[in-house]
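Engineer:
Chains as they are written, first to last, in the numbering used here: chain A, 137 to 441; chain B, 23 to 472.
(1) What does DSSP give as the partner residue(s) for residue 142(B) in the beta ladder?
(2) Run through the stretch 91-148 of chain B for me and flag every whole beta strand (DSSP E) of 3 or more residues, listed as ranges in chain order.
(3) Return the first residue and the last residue of the beta strand (DSSP E) that residue 316(A) is part of.
(4) Is it the case that the Cβ atoms of residue 337(A) and residue 403(A) are separated by a distance below 8 Å?
(5) Can you tell me the Cβ-Cβ gap for residue 66(B) and residue 286(B), rounded? I've got them flagged as a contact below 8 Å.
(6) Buried or exposed: where does residue 277(A) fall if 16 or more other Cβ atoms within 10 Å of its Cβ makes it buried?
(7) For the 8 Å Cβ check, are there 3 or more pairs between the stretch 317-337 of chain A and the stretch 381-390 of chain A?
(8) Going along chain B, which residues have a C-beta under 7 Å from residue 401(A)?
(9) For residue 292(B), would you say it is in contact with chain A, using Cβ-to-Cβ distances shorter than 8 Å as the test?
(10) Chain A beta carbons: is any one of them nearer than 8 Å to that of residue 296(B)?
(11) So, does the CB of residue 425(B) fall closer than 8 Å to a CB anywhere in chain A?
(12) Output needed for residue 9(B): all residues of its chain with C-beta closer than 8 Å, excluding positions within five of it in sequence on either side, in chain order.
(13) May I ask you to verify whether the stretch 402-409 of chain B touches the stretch 329-343 of chain A, counting CB pairs closer than 8 Å and requiring at least 3?
(14) Answer yes if the stretch 108-128 of chain B comes into contact with the stretch 60-74 of chain B, meaning at least three C-beta pairs across the two stretches below 8 Å, and no otherwise.
(15) For residue 282(A), decide whether its Cβ has a neighbour in chain B, counting only Cβ atoms nearer than 8 Å.
(16) What did DSSP end up calling residue 411(A) once you bin it into helix, strand or coil?
(17) Can the beta-carbon of residue 312(A) be found closer than 8 Å to that of residue 165(A)?
(18) Three-state secondary structure (DSSP) at residue 279(A)?
(19) Is residue 275(B) close to chain A, meaning its C-beta is less than 8 Å from at least one C-beta of that chain?
(20) Distance cutoff 8 Å, beta carbons only. Does residue 419(B) sit that close to anything in chain A?
(21) Taking a Cβ distance cut-off of 7 Å, strictly less, list which residues of the stretch 192-221 of chain B are near chain A, in chain order.
(22) Taking one C-beta from the stretch 418-431 of chain B and one from the stretch 281-288 of chain A each time, how about it: are there three or more such pairs within less than 8 Å?
(23) Taking its Cβ as the centre, do 16 or more other Cβ atoms sit within 10 Å of residue 315(B), making it buried, or is it exposed?
(24) Mind checking who residue 198(B) pairs with in its DSSP beta bridge?
(25) Excluding five sequence neighbours on each side, which residues of the same chain lie with their C-beta closer than 7 Å to the C-beta of residue 179(B)?
(26) Kindly provide the ranges of any beta strand (DSSP E) runs that are 3 or more residues long and lie completely inside the stretch 238-287 of chain B, ordered along the chain.
(27) Taking only beta-carbon positions, decide if residue 417(A) is within less than 8 Å of chain B.
(28) Rounding to the nearest angstrom, what Cα-Cα distance links residue 169(B) and residue 134(B) in this structure?
(29) Name the residue from 205(B), 161(B), 157(B) whose alpha carbon lies nearest to the alpha carbon of residue 151(B).
(30) Would you say residue 131(B) lies against chain A (beta-carbon separation less than 8 Å)?
(31) Counting C-beta neighbours from all protein chains within 10 Å, is the total for residue 425(B) 16 or more, i.e. buried, or is it exposed?
(32) Interface residues of chain B around residue 376(A) at Cβ under 7 Å?
(33) List, in chain order, every chain A residue whose beta-carbon is nearer than 7 Å to that of residue 65(B).
(34) What are the boundary residues of the alpha helix (DSSP H) that includes residue 164(B)?
(35) Look up residue 80(B) in the DSSP assignment and say whether it is helix, strand or coil.
(36) By a C-beta neighbour count over all protein chains shown, 10 Å radius and 16 as the cutoff for buried, is residue 188(A) buried or exposed?
As structure tokens, then:
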């Protein structure tokens with residue numbers, strides 16, 4: 137049988153590396169929030185003639201929007217992000233662009249007032265907070281018959297933080313390099329990962345609970361290792377089928393659900409790892425009171441067969 | 023096969039036929055116009071959120087004012103001829119207006135957001151304080167009359183909602199209106215006072231302009247009481263104004279705080295792409311299940327087909343409006359839906375390895391896997407519940423709500439199909455020759471419990 141719990145202190149190291157991987161880019165680059173969170177307008181136009189990004193930028197700035205951000209999304213299609221535009225301002229901008237570059241079609245227009253942006257940001261933070269606390273409480277409740285239900289909940293939520301930090305770190309880098317923005321679909325993806333990650337943990341913990349009841353070993357670590365190995369193929373298979381569908385979405389649809397699909401893809405892979413290697417190992421470390429081992433030069437010899 | 027299995031099998035067959043009948047009607051598409059409703063992002067249209075300014079409204083009557091505004095917007099939108107518009111209240115003082123398939127955006131916005139009140143004014147004397155309106159003719163102030171000892175401004179609030187447009191005997195377009203009781207009394211006083219003087223008409227803080235581009239300000243020639251007419255508008259403008267006046271006045275000022283418009287061209291390409299993604303995803307998942315789990319995998323694929331048709335039938339009956347994200351949620355749920363099956367099959371394999379018979383393994387697999395299936399799926403419900411709240415709270419984000427809803431329905435149905443369809447189909451297999459070949463269950467004899 138594979139020994140997953142034996143290297144638990146190494147997995148803990150991986151956890152720290154991942155947390156740093158998520159936190160460092162986040163601290164340096166931050167995230168690039170979309171209009172939903174910052175307010176403003178995004179006008180998507182498609183020109184019939186060839187237009188260069190720099191010419192367009194010059195024209196938009198000349199029309200009175202020095203802060204405008206222009207992004208080409210393929211073909212003659214451009215995103216023009218400005219402060220919040222009124223109907224008249226938008227019409228004026230479009231006619232100025234038509235005069236300079238010829239006929240254009242407006243394919244999309246998205247405008248958010250500062251009030252709405254502020255409330256959306258606030259509610260997003262509340263939603264993610266409630267989700268994390270709610271999941272911890274739920275696990276504690278579902279596993280109330282385990283010796284320390286709150287430890288299960290906490291370990292699952294640490295795994296959860298790992299799972300959402302990775303996509304956040306990746307998006308921080310993608311925001312810096314490719315200009316990817318955080319929108320509501322990104323948040324949707326994050327919350328879906330929250331549900332998915334805990335779902336995996338429940339399956340593993342459920343098996344631990346069952347094996348404890350059966351009393352397959354006196355050693356908690358052995359019980360956990362058995363349980364993780366027994367649920368391994370389930371965790372991989374379900375992740376694989378879900379990844380297959382997410383990949384189909386990403387490759388065939390892309391566009392506005394690209395953010396969502398990428399978050400989900402990264403989150404599912406992270407979740408499979410954390411629910412098999414991180415959360416159960418954390419639980420052992422906690423149950424065995426090995427926290428001190430983290431600070432010693434040599435990790436305690438892990439007992440397992 | 024027990025009697026219970028036969029009953030289940032019959033129920034499942036009936037359900038699948040019903041679902042297919044709902045999903046695949048003759049001469050209608052699966053998605054689109056007469057099939058499952060598509061969201062704004064897929065068929066194009068506008069999503070507008072207005073904030074009502076309740077600062078001028080007496081406290082306690084805010085809700086009434088907002089509901090009044092909604093009723094008026096409904097009438098105006100109907101006059102616009104949009105099919106299946108949706109006008110809803112969001113929270114205390116916001117109104118969400120969804121106009122699928124609309125193309126003349128600016129016109130629609132103008133029509134919806136207008137407070138639409140005509141105000142009447144009289145010219146001011148030199149040095150008579152601050153003017154409310156100014157145009158070529160001079161400075162104007164609201165014209166007033168005293169009714170029941172109270173000085174009131176004359177506005178179209180006193181029109182009866184039966185204005186109409188016609189032409190007079192000279193062929194000029196006229197907008198005809200009738201005053202209500204108070205309006206009649208006021209207009210009598212005012213026309214008496216303003217004899218041979220102009221009466222200014224203003225709309226939305228601007229002078230009402232005629233077809234010739236000049237302000238409409240008729241000279242009062244006689245004392246008028248119960249009715250009046252406005253000349254000089256083009257036929258089109260007069261008709262629109264008449265519709266607005268008849269739809270009634272929006273009782274509170276509205277500010278547009280969120281606007282999202284999408285062209286229909288953009289959306290239609292996504293529909294075919296997402297259907298493609300769904301089909302490819304489904305095929306990949308079924309292939310994987312059949313290759314990995316063999317016979318149970320075939321059973322799971324059958325259950326998955328059942329799952330897809332039942333979920334689509336539910337979307338259509340409730341009905342759930344599918345946005346791109348909603349379809350995304352459904353496609354992802356196909357991958358997640360096999361989870362319950364995977365849990366059960368893994369359990370069955372363990373039981374078979376222990377040397378149990380297929381019948382015993384199936385029953386043990388289901389009963390042992392059930393707590394994990396139940397407890398793990400509840401986490402998805404918690405997440406989608408929170409998402410739905412987030413989506414519905416500030417911005418009425420159809421994509422977020424749509425995703426939450428489709429994933430919730432998907433996960434719930436997948437639990438049901440796993441414990442009914444897969445189970446019944448597997449139990450039906452018991453007793454056939456297939457059940458003796460454990461290799462079909464990817465458990466090989468000699469490979470015991472490791």
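Think of the CB as a built atom: it goes at the ideal place given N, C-alpha and C, for glycine as much as any other residue.
All values derive from a computational prediction rather than experimental measurement.
Structural biologist: So, from the listed chains and residues:
(1) 223(B)
(2) 108-112, 116-122, 140-145
(3) Taken as a continuous stretch (DSSP letters only), residue 316(A) belongs to no beta strand (DSSP E), as it is neither H nor E.
(4) no
(5) 3 Å
(6) exposed
(7) no
(8) Within 7 Å Cβ-Cβ: nothing; residue 401(A) doesn't reach chain B, min ~10 Å.
(9) yes
(10) yes
(11) yes
(12) Because chain B is modelled from 23 through 472, residue 9(B) falls outside the range shown and cannot be assessed.
(13) yes
(14) yes
(15) no
(16) helix
(17) yes
(18) coil
(19) no
(20) yes
(21) none
(22) no
(23) buried
(24) 186(B), 251(B)
(25) 139, 271
(26) 249-253, 276-284
(27) no
(28) 32 Å
(29) 161(B)
(30) yes
(31) buried
(32) 310
(33) Those within 7 Å of residue 65(B) in chain A number zero; the least Cβ separation is about 14 Å.
(34) Here residue 164(B) belongs to no alpha helix (DSSP H); instead the beta strand (DSSP E) covers 160-164.
(35) coil
(36) exposed
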